[in-house]
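A.B. asks: As they're listed, the protein sequences go chains C and R. Be aware that the first sequence starts at 1, since it is given in full-length UniProt numbering, and climbs by one per residue. Be aware that the second sequence starts at 1, since it is given in full-length UniProt numbering, and climbs by one per residue.
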Amino acid sequence: MTTIDAPLSVDKPRSPHRPAARRSNFELYSWLFMRLSGVLLLFLVLGHMLIMLFLDGGVHRINFAFVAGRWASPFWQFWDLTMLWLAGLHGGNGLRTVINDYSRKDATRFWLKMLLYVSVLLTVGLGTFVLFTFDPNIG
Amino acid sequence: MASTTASAAEAPQREGNPRAKGSLYRGDLGMWSWVAHRITGVLTFFFLFVHVLDTALVRVSPEAYDTVIETYKSPIMILFELGLLAAVLFHAFNGIRVMLVDFWANGPKYQKPMLWTVLVLWLVLIVPAAISMLTRAVTELFGGH
């Protein structure tokens, strides 16, 4: 069998060259986080889509007044904030895995992940700012 | 799990008796569920990015927000929202299947029947959802305000 390039090959599990203590538990925690956040997102996102797309006229009834009415309640503020953070981190971590799997060059991998981290920071940060500073009387 | 299940590491040894024991994942239905899980996840992530930006317009002015939200009500965008729902529903149900494969002792053994369950459940929900969304889109288009 021919050997393949370094980025695609993986050390044999008991390879003597493999340093014993080089690994952190980060990937384990991210793996666990995907499952825990997934369970919560299942209810948060499907609930959100049921309300926004199906109940009381669906997407056609959504406007500024509708949003203002919802965010008058701390319950929906908390719902949306939790959903924003979990979806941002769950999706960001998922894309991080995809980038790690498919980018071949270290430089590509680095810049794609930088782009990813900036966009996650931007969306989660902006969304949080909007939720905390929302003013129903802005008009 | 996501990045290791479709690994090619064990493929050569198995070439002798493909699919005989029902434990083959790579190239089989299980692998395609993994591919679909990635694609639906990436698509949903891109929508999330756009969706946070459009919702952030409530901080600019009611007019700016209403103008952009109005585009979500056009028939073509309704089709897009149906596609988003289809992607999210598959990702959600298959995600439960992934968790059962990981945490339930019999999970790996039943991964394929569980995939069929995911697809049936997906179909049972997406068909009435599509009927509801498309009916409303057409109604709004012709008799709506």
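Beta carbons: idealized from backbone N, C-alpha and C, even for Gly.
Exposed or buried, which one is Arg-23 of chain C when buried takes at least 16 other CB atoms within 10 Å?
C.D. replies: Position 23 of the first sequence, counting from 1, holds the residue named residue 23 of chain C. Under this definition Arg-23 of chain C is an exposed residue.
A.B. asks: Would DSSP call Asp-135 of chain C helix, strand or coil?
C.D. replies: Counting from one through the first sequence, the residue named residue 135 of chain C turns up at place 135. Coil, per DSSP.
A.B. asks: Whole-angstrom Cβ separation of Ile-126 of chain R and Ala-86 of chain R, contact assumed at under 8 Å?
C.D. replies: Counted from its first residue, the second sequence places residue 126 of chain R at position 126. Counted from its first residue, the second sequence places residue 86 of chain R at position 86. With 8 Å as the limit, Ile-126 of chain R and Ala-86 of chain R qualify as a contact, their Cβ atoms being about 5 Å apart.
A.B. asks: Cβ of Ser-61 of chain R less than 8 Å from any chain C Cβ?
C.D. replies: Position 61 of the second sequence, counting from 1, holds the residue named residue 61 of chain R. Closer than 8 Å to some Cβ of chain C, the Cβ of Ser-61 of chain R qualifies, so yes.
A.B. asks: Could you tell me the distance, in whole angstroms, from the CA atom of Tyr-110 of chain R to the CA atom of Leu-43 of chain R?
C.D. replies: For the purposes of this step, residue 110 of chain R is taken as residue 110 along the second sequence, with counting starting at 1. For the purposes of this step, residue 43 of chain R is taken as residue 43 along the second sequence, with counting starting at 1. The straight-line gap from Cα to Cα measures roughly 28 Å.
A.B. asks: Under the three-state reduction of DSSP, which class applies to Lys-73 of chain R: helix, strand or coil?
C.D. replies: Position 73 of the second sequence, counted from the start, is the residue given in the question as residue 73 of chain R. The answer is coil: DSSP assigns Lys-73 of chain R none of H, G, I, E or B.
A.B. asks: Val-120 of chain C by DSSP, collapsed to three states: which one?
C.D. replies: Here residue 120 of chain C refers to the residue found at position 120 of the first sequence. Correct three-state label for Val-120 of chain C: helix.
A.B. asks: Shorter than 8 Å from the beta carbon of Ala-107 of chain C to some beta carbon of chain R?
C.D. replies: Within the first sequence, residue 107 of chain C is the residue found at index 107, counting from 1. Answer no: the Cβ-Cβ gap between Ala-107 of chain C and chain R never drops below 8 Å.
A.B. asks: Taking the alpha helix (DSSP H) that Leu-119 of chain R falls in, what are its first and last residues?
C.D. replies: Numbered from its first residue, the second sequence carries residue 119 of chain R at position 119. From DSSP, the alpha helix (DSSP H) with Leu-119 of chain R extends over 111-143.
A.B. asks: Does the Cβ of Gly-38 of chain C have 16 or more other Cβ atoms within 10 Å, making it buried, or fewer, making it exposed?
C.D. replies: Counting from one through the first sequence, the residue named residue 38 of chain C turns up at place 38. By the neighbour-count rule (16 or more Cβ atoms within 10 Å), Gly-38 of chain C is buried.
A.B. asks: Between which two residues does the alpha helix (DSSP H) holding Ser-37 of chain C run?
C.D. replies: As a position in the first sequence, residue 37 of chain C is number 37, starting the count at 1. Residues 26-53.
A.B. asks: How is the alpha helix (DSSP H) around Asp-80 of chain C delimited, first residue to last?
C.D. replies: Against the first sequence, residue 80 of chain C aligns to sequence position 80. Taken as a continuous stretch (DSSP letters only), the alpha helix (DSSP H) holding Asp-80 of chain C covers 74-102.
A.B. asks: Given 8 Å as the limit, is there contact between the segment 41-57 of chain R and the segment 89-96 of chain C, that is, 3 or more CB pairs closer than that?
C.D. replies: Yes: at least three Cβ pairs fall under 8 Å.
A.B. asks: Does any CB atom of chain C fall closer than 8 Å to the CB of Ile-69 of chain R?
C.D. replies: Looking up residue 69 of chain R in the second sequence gives position 69. Chain C contact via Cβ: present.
A.B. asks: Counting contacts by CB-CB distance shorter than 8 Å, is Ser-119 of chain C in contact with chain R?
C.D. replies: Counting from 1 along the first sequence, the entry for residue 119 of chain C is found at position 119. Yes, Ser-119 of chain C counts as interfacial toward chain R.
A.B. asks: Quick one: Cα of Gly-69 of chain C to Cα of Phe-33 of chain C, how far?
C.D. replies: On the first sequence, position 69 is the one that residue 69 of chain C refers to. On the first sequence, position 33 is the one that residue 33 of chain C refers to. The straight-line gap from Cα to Cα measures roughly 32 Å.
A.B. asks: Starting from Gly-41 of chain R and walking both ways along the alpha helix (DSSP H), at which residues does that stretch end?
C.D. replies: If you number the second sequence from 1, residue 41 of chain R lands on position 41. Looking at the DSSP string, the run of the alpha helix (DSSP H) that includes Gly-41 of chain R is 29-55.
A.B. asks: Please report the distance separating the alpha-carbon of Glu-140 of chain R from that of Leu-46 of chain C.
C.D. replies: Position 140 of the second sequence, counted from the start, is the residue given in the question as residue 140 of chain R. Position 46 of the first sequence, counted from the start, is the residue given in the question as residue 46 of chain C. Rounded to the nearest angstrom, the two C-alpha atoms are 24 Å apart.
A.B. asks: Residues of the segment 83-95 of chain C in Cβ contact with chain R at a cutoff of 9 Å, in chain order, please.
C.D. replies: Listed in sequence order: Leu-84, Ala-87, Gly-88, His-90, Gly-91, Gly-92, Gly-94 and Leu-95.
A.B. asks: What did DSSP end up calling Ala-105 of chain R once you bin it into helix, strand or coil?
C.D. replies: For the purposes of this step, residue 105 of chain R is identified with residue 105 of the second sequence, where counting begins at 1. If DSSP states are grouped into helix, strand and coil, Ala-105 of chain R belongs with coil.
A.B. asks: Tell me the DSSP secondary structure of Ile-78 of chain R in three-state form.
C.D. replies: The count along the second sequence starts at 1 and reaches residue 78 of chain R at position 78. Three-state DSSP puts Ile-78 of chain R in a helix.
A.B. asks: As a quick exercise: from C:Phe-54, C:Ile-138, C:Ala-65 and C:Ser-73, pick the residue whose alpha carbon is nearest that of Ile-78 of chain R.
C.D. replies: The residue labelled residue 78 of chain R in the question sits at position 78 within the second sequence. Considering only alpha carbons, the answer is C:Phe-54.
A.B. asks: Could you spell out where the alpha helix (DSSP H) holding Arg-70 of chain C opens and where it closes?
C.D. replies: For the purposes of this step, residue 70 of chain C is identified with residue 70 of the first sequence, where counting begins at 1. Counting along the chain, the alpha helix (DSSP H) containing Arg-70 of chain C begins and ends at 64-70.
A.B. asks: Using 8 Å for Cβ pairs, my map puts Ala-129 of chain R next to Pro-75 of chain R. What's the rounded Cβ distance?
C.D. replies: On the second sequence, position 129 is the one that residue 129 of chain R refers to. On the second sequence, position 75 is the one that residue 75 of chain R refers to. At roughly 16 Å, the Cβ-Cβ gap does not stay under 8 Å, so Ala-129 of chain R and Pro-75 of chain R are not in contact.
A.B. asks: By Cβ distance, which residues of its chain are closer than 8 Å to Pro-136 of chain C, with the 5 residues on each side in sequence left out?
C.D. replies: As a first step, residue 136 of chain C is located in the first sequence; it is residue number 136 there, counting from the start. Cβ within range, chain order: Ala-68, Trp-71 and Ala-72.
A.B. asks: Please state the DSSP three-state secondary structure of Pro-62 of chain R.
C.D. replies: Locating residue 62 of chain R in the second sequence gives position 62, counting from the first residue. In this structure, Pro-62 of chain R counts as helix in the three-state DSSP scheme.
A.B. asks: What is the rounded straight-line gap between the Cα of Thr-117 of chain R and the Cα of Thr-108 of chain C?
C.D. replies: Here residue 117 of chain R refers to the residue found at position 117 of the second sequence. Here residue 108 of chain C refers to the residue found at position 108 of the first sequence. Taking the straight line from one Cα to the other gives about 39 Å.
A.B. asks: Asn-63 of chain C versus chain R: which residues are under 9 Å apart at the beta carbon?
C.D. replies: On the first sequence, position 63 is the one that residue 63 of chain C refers to. Chain R residues near Asn-63 of chain C: Pro-62, Tyr-65, Asp-66, Ile-69 and Glu-70.
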